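Student: Quick note: the sequence shown uses our numbering, first residue 25, plus one each step. Ideal placement from N, C-alpha and C gives every residue a C-beta, glycine not left out. Note that this is a predicted model, so its numbers are computed, not measured.
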Amino acid sequence: MAIANVKVEGLQKSFWDESRGEVRAVDGIDFDCQPGEVFGLLGANGAGKTTTLRMLATILKPTGGSASLNGYDVLADPEAVRRSLGFYSASTALYPRLTGRETLEFFARINGYPANQVAQRVEELIDRFGIREYAGARVGKLSSGMKQKISIARTIVHDPPILIFDEPTVGLDVMAALEMQNVVHELRDEGKVIIFSTHIMSEAEKLCDRIGIIHQGRILALGTLEEHRQATGKHYLEDVFVHEVMQAEDQSAKAMASPGEPRTSPVSYTHLRAHE
């Protein structure tokens, strides 16, 4: 039986740019995520977060390494990966001419939810997210907050074991962002495997069981918030993040000055603790 987890080993993605040549957007990263866990991928814009998540969602093909979701390889069995996955981002589009109910029914069916259970599942989510009053209205006529609720419901309508949230609170007001965080907590309590990408430090502190700090396509350090604090001597995640990035920049500058020196491997605090 497939195991509902995410396993990433040496994942890479390179692009060709006419002015810069080969660009390594993701440069050999490793991490895993287990049921009932929120794994945070924390980095600035351009760090490689979205490229990583698009590879996991089979939107982009890796140029190296491997990744499996729910036991299915992203290259060998992309359709099974997509059936196992719910993907949400702030830029996720909805079909404006469909109603909220039609949207949920459509995404349940195309993701293989049992046909005889679709109607019941859709009504459950309409009640869960408080959208019954607007369920018959076309999505294009709804407020941004109501669209967000339908987008989240659309993401989980087929009850996938794995969920990816790519900067889901970008552009949301405070109340809508808090509601999004509550949804993530509920899904974690249901035993879902959750990857949560953000550059908002307070979100990562509140939501994530473990955090991987990504910079220039590489994971610099990975561990719980407390492990990050102990390793860096910094309390706030913002300060932890700056510390790790500055160290990486210093190492990069030294590597350019001494090109023969090997690169420093990323730090896994859990790994180090296990060998103390």
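Does DSSP put I222 in a helix, in a strand, or in coil?
Tutor: As a first step, residue 222 is located in the sequence shown; it is residue number 198 there, counting from the start. It should be noted that the sequence gives Thr, not Ile, for residue 222. DSSP places T222 in strand when its eight states are reduced to three.
Student: Quick one: what's got a C-beta closer than 6 angstroms to F131's C-beta in the same chain, skipping five residues either side?
Tutor: Taking the sequence shown and counting its residues from 1, one reaches residue 131 at position 107. If we look at F131 and ignore the five residues flanking it on each side, its Cβ neighbours are R178, V181.
Student: If the criterion is Cβ atoms closer than 8 angstroms, does the pair R121 and R162 meet it?
Tutor: Within the sequence shown, the letter at position 97 stands for residue 121. Within the sequence shown, the letter at position 138 stands for residue 162. Going by C-beta atoms, R121 is nearer than 8 angstroms to R162.
Student: Within 10 Å of its beta-carbon, does R44 have 16 or more other beta-carbons around it, so buried, or fewer, so exposed?
Tutor: Taking the first residue of the sequence shown as position 1, residue 44 is located at position 20. R44 is exposed by the Cβ-count criterion.
Student: Measure the Cβ-Cβ separation of A71 and Q240 and say whether it is below 8 angstroms.
Tutor: Residue 71 sits at position 47 when you count from the first residue of the sequence shown. Residue 240 sits at position 216 when you count from the first residue of the sequence shown. For A71 and Q240, yes; Cβs fall inside 8 angstroms.
Student: On the CB-based measure, 16 or more other CB atoms within 10 Å of its CB, does M270 come out buried or exposed?
Tutor: Taking the sequence shown and counting its residues from 1, the one referred to as residue 270 is at position 246. So M270 counts as exposed.
Student: Please confirm whether P86 and L35 have their CB atoms less than 8 angstroms apart.
Tutor: Taking the first residue of the sequence shown as position 1, residue 86 is located at position 62. Taking the first residue of the sequence shown as position 1, residue 35 is located at position 11. Result yes, Cβ atoms of P86 and L35 sit closer than 8 angstroms.
Student: Taking contact to mean at least 3 C-beta pairs separated by less than 8 angstroms, is the region 187 to 200 in contact with the region 217 to 226?
Tutor: Yes, the region 187 to 200 touches the region 217 to 226.
Student: What's the C-alpha gap between F111 and K258?
Tutor: Translated into positions along the sequence shown, residue 111 becomes position 87. Translated into positions along the sequence shown, residue 258 becomes position 234. Cα-Cα distance, rounded: 33 angstroms.
Student: Per the contact definition of three or more C-beta pairs closer than 8 angstroms, is the region 101 to 117 in contact with the region 153 to 161?
Tutor: At 8 angstroms Cβ cutoff, the stretches do not touch.
Student: Given this structure, state the Cα-to-Cα distance separating S92 from A28, to the nearest angstrom.
Tutor: The residue you call residue 92 lines up with position 68 of the sequence shown. The residue you call residue 28 lines up with position 4 of the sequence shown. Straight-line Cα distance between these residues: approximately 10 angstroms.
Student: I'd like to confirm the pairing. Which residues does DSSP put opposite L35 in its beta bridges?
Tutor: Along the sequence shown, one-based indexing puts residue 35 at 11. Per DSSP, I53.
Student: Find out if the Cβ-Cβ distance for the pair I238, K73 is shorter than 8 angstroms.
Tutor: Here residue 238 refers to the residue found at position 214 of the sequence shown. Here residue 73 refers to the residue found at position 49 of the sequence shown. In contact: I238 and K73 (Cβ atoms closer than 8 angstroms).
Student: Return the residue from the list V62, Y260, Q172 that minimises the CA-CA distance to M199.
Tutor: Locating residue 199 in the sequence shown gives position 175, where the first residue counts as 1. Measuring from the Cα of M199, the nearest candidate turns out to be Q172.
Student: With DSSP as the reference, please indicate the residues paired to S90 in a beta bridge.
Tutor: As a working mapping, residue 90 is identified with position 66 in the sequence shown. Answer by DSSP bridge pairing, in chain order: E33.
Student: Is it buried or exposed for W40, if we count other Cβ within 10 angstroms and need 16 for buried?
Tutor: For the purposes of this step, residue 40 is taken as the residue at position 16 of the sequence shown. Answer is exposed; the Cβ neighbour count stays below 16.
Student: Which runs of the beta strand (DSSP E) spanning at least 3 residues fall entirely within the region 119 to 203, listed in chain order?
Tutor: Runs of the beta strand (DSSP E) inside the region 119 to 203: 186 to 190.
Student: Ordered along the chain, which non-local residues of its own chain (more than five positions away) have a Cβ less than 7 angstroms from that of E46?
Tutor: Within the sequence shown, residue 46 is the residue found at index 22, counting from 1. These residues qualify, in order along the chain: S38, W40.
Student: If P59 sits next to A114, beta carbons under 8 angstroms apart, how far is it from one beta carbon to the other, in whole angstroms?
Tutor: Here the question's residue 59 lines up with position 35 in the sequence shown. Here the question's residue 114 lines up with position 90 in the sequence shown. Actually they do not touch by this definition, with Cβ atoms about 26 angstroms apart.
Student: Using DSSP bridges, identify the partner residues of D97.
Tutor: Locating residue 97 in the sequence shown gives position 73, counting from the first residue. Note: D97 sits in a beta bridge opposite S92.
Student: What separation, rounded to the nearest whole angstrom, lies between the Cα atoms of A201 and N94?
Tutor: Taking the sequence shown and counting its residues from 1, the one referred to as residue 201 is at position 177. Taking the sequence shown and counting its residues from 1, the one referred to as residue 94 is at position 70. So the two alpha carbons sit approximately 28 angstroms from each other.
Student: Could you tell me the distance, in whole angstroms, from the CA atom of T222 to the CA atom of L84?
Tutor: To locate residue 222, count along the sequence shown from 1; it is residue 198. To locate residue 84, count along the sequence shown from 1; it is residue 60. So the two alpha carbons sit approximately 20 angstroms from each other.
Student: Rounding to the nearest angstrom, what Cα-Cα distance links A277 and F265 in this structure?
Tutor: Position 253 of the sequence shown, counting from 1, holds the residue named residue 277. Position 241 of the sequence shown, counting from 1, holds the residue named residue 265. Each residue's alpha carbon lies about 18 angstroms from the other.
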